[in-house]
Amino acid sequence: MNKYLKFIAVLLIAYSILAGLLIPLSTGVLSVLPRSINTGNYLKLELKAYNAQFDSAVPVEARIRLNPSTALCATSIEVKSPNELQLNFAIPASKLPLQTEMKDGKKSPFPLLEMVDAQNGYTSLESVLFIEQKHSNKADTASFCSVVPYRSTDKTSFPFLNILEETIRNLFYHVPMWFAMMLLLFVSVIHSILYLRKPQIGDHDNKAASFATVGVLFGIVGITTGAIWAKHTWGSYWSFDVKQNTSAIALLIYLAYFVLRSSFEDMDKRARVAAIYNIFAFATLIPLLYVIPRMVDSLHPGMGNNPAFSKLDLDNTMRMVFYPAVVGWIMMGWWMATIAMRIEALKIKKMEQDT
Amino acid sequence: MKNRIYTSLFLLLPFAAFAQESQSNDYFGNIGKIYVVAAVMLLLFGTMIAFMIYLERKLDRLEELMNDD
């Protein structure tokens with residue numbers, strides 16, 4: 004591997020680690036209380052936020068949107084601490100134009116809490132509270148206001164998602180492992196095919212084995228980092244999710260490849276059987292990782308009705324870190340595989356000299 | 256000081272940390288779950304180091320073979 008490529012690999016990984024850890028999360032709402040209110044009441048909404056600086060951000064604007072064009076604006080806002088606000092609303096006694104169904108059959112985000120200020124930018128929380136349409140005339144003054152689109156600030160930040168919180172950064176350390184694994188195993192299977200076509204020429208068996216070793220190593224890192232991530236977002240290390248199960252099966256199939264290789268004494272026989280097995284292993288890898296998980300419901304993003312590359316899961320700031328991380332780890336994996344291959348090639352050469 | 260030792264111990268042993276009992280007691284849930292990211296990165300680099308050790312042992316054996324002659 005070219006030394007400049009190695010330099011670029013290290014640079015890309017260093018960049019993805021630094022940017023992945025240093026770019027802050029955008030402000031997000033952790034919790035609101037109360038979660039239900041009757042119409043015709045004054046609402047005192049206690050709000051806890053993450054990563055906010057409300058004390059230095061005046062004025063904060065807040066509103067509860069009932070449908071795309073109507074909103075209830077906060078009558079007053081009290082800043083209690085940098086991360087705590089009390090938003091005061093007057094819920095009118097009349098029937099509210101709350102939109103509960105969306106045209107495309109998706110879950111309605113309304114009532115949608117929206118906040119904006121110069122310091123923290125735009126923050127929102129869907130289905131913020133349950134408004135019971137019960138008539139009482141405590142609050143006559145309605146605080147309806149027209150919906151002027153809030154400007155989002157151009158601050159560089161990763162999106163705040165509930166439950167995920169800071170672990171959204173794991174995207175740069177967990178997902179590139181699978182991308183790198185996929186490419187390394189693909190290179191491995193190419194070498195296996197080349198070996199079967201012309202067994203005498205080149206060092207294809209050794210190359211196939213080395214690339215598979217590093218590929219499986221990345222797969223193991225991917226599955227264990229995924230388990231740690233799952234523990235703190237899905238609730239347990241292993242929730243027998245389709246994606247977890249199928250990737251574990253895929254890795255076991257590849258582990259059998261190494262067992263098979265080590266069980267032959269004769270080099271030619273070993274290379275031939277291993278190459279054929281490698282092709283079958285790769286052929287099962289594709290449906291296991293990319294077809295079956297997509298056919299059933301899964302907790303993992305990208306599965307079932309769960310898009311992996313949706314706007315929020317991977318916004319533009321995240322892409323700027325994610326793609327360099329993918330390229331960097333692929334190159335790093337390639338480098339690792341070439342070193343393993345060269346050591347093995349020396350060993351084979353030595354053994355050939357001895358005989 | 257004692258707290259600091261415990262903190263570093265937990266960073267070294269992500270799997271040995273307390274189970275998630277409640278939101279406030281959960282060490283890994285603190286500060287927006289940033290320690291989950293720390294554990295993931297530690298595991299990633301731990302594996303890379305383990306691979307380097309594996310390669311070095313392979314080289315050691317090869318060197319022994321060469322030196323036998």
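So the sequence lines, in the order shown, correspond to chains A and B.
For what it's worth, the working numbering labels the leading residue of the first sequence as 4, then goes sequentially.
For what it's worth, the working numbering labels the leading residue of the second sequence as 256, then goes sequentially.
Glycine is no exception: its CB is placed at the ideal position from the N, C-alpha and C atoms.
Query                                                                                                                                                                               : Result
Just the chain A side, please: which residues come within less than 7 Å of I289/B by C-beta, in chain order?                                                                        : E169
I believe V119/A touches E64/A by the beta-carbon criterion, under 8 Å. Please report the beta-carbon distance rounded to the nearest angstrom.                                     : 5 Å
Let me know if Y293/A comes out buried or exposed under the rule of 16 or more other beta-carbons within 10 Å of its beta-carbon.                                                   : exposed
From the DSSP output, in three-state form, read off Y125/A for me.                                                                                                                  : strand
Please report whether the beta-carbon of K109/A lies at a distance below 8 Å from any beta-carbon of chain B.                                                                       : no
From L299/B to K51/A, what does the alpha carbon distance come to, in whole angstroms?                                                                                              : 33 Å
Comparing alpha-carbon positions, which option in L15/A, G222/A, P202/A, S79/A lies nearest M185/A?                                                                                 : G222/A
Determine the direct distance from the alpha carbon of I286/B to that of L349/A, and round the result to whole angstroms.                                                           : 50 Å
Can you name the residues that DSSP bridges to K51/A?                                                                                                                               : S34/A, E87/A
Would DSSP call D357/A helix, strand or coil?                                                                                                                                       : helix
Sort M335/A, F147/A, K353/A by Cα distance to A96/A and report the nearest one.                                                                                                     : F147/A
For the structure I just gave you, are there three or more beta carbon pairs, one from the segment 285-302 of chain A and one from the segment 238-257 of chain A, closer than 8 Å? : yes
Report the residue from I231/A, K272/A, A212/A whose alpha carbon sits nearest the alpha carbon of A259/A.                                                                          : A212/A
So, is E276/B buried or exposed, given that buried needs 16 or more other C-beta atoms within 10 angstroms?                                                                         : Confidence at E276/B is low in this model, with a pLDDT of 39, below 50, so the placement of that residue should be treated as unreliable; the coordinate-derived value is given next. Classification for E276/B: exposed.
Where does the unbroken beta strand (DSSP E) through S39/A begin, and where does it stop?                                                                                           : 39-41
Just the Cα atoms here: how many angstroms apart are H207/A and F214/A?                                                                                                             : 10 Å
Could you list which residues in chain B have their beta carbon closer than 9 Å to that of M184/A, in chain order?                                                                  : Near M184/A there are no residues of chain B at all, since even the closest Cβ is about 12 Å away, more than 9 Å.
What residues in its chain sit with their C-beta under 7 Å from that of K137/A, if we drop five residues either side in the sequence?                                               : N41, T42
In or out: S265/A buried (at least 16 other Cβ within 10 Å) or exposed?                                                                                                             : exposed
Using the beta-carbon count (16 or more within 10 Å), is F270/B buried or exposed?                                                                                                  : Low per-residue confidence applies at F270/B: pLDDT is 45, beneath 50, and the placement is therefore not dependable, though the value from the model is reported in the following sentence. Classification of F270/B: exposed, given that the 10 Å Cβ count is below 16.
Can you grab the Cα-Cα spacing for the pair I256/A / A284/A, in whole Å?                                                                                                            : 6 Å
Any chance the segment 191-198 of chain A sits against the segment 171-179 of chain A, with 3 or more Cβ pairs inside 8 Å?                                                          : no
Are the C-beta of H303/A and some C-beta of chain B separated by less than 8 Å?                                                                                                     : no
State the Cα-Cα distance for the pair M307/B and Y53/A, rounded to the nearest angstrom.                                                                                            : 40 Å
Would you check if the distance between the CB atom of Q122/A and the CB atom of A77/A is smaller than 8 Å?                                                                         : no
Note down, one range per segment and in chain order, each alpha helix (DSSP H) of at least 4 residues found wholly within the segment 224-302 of chain A.                           : 245-265, 270-289, 295-298
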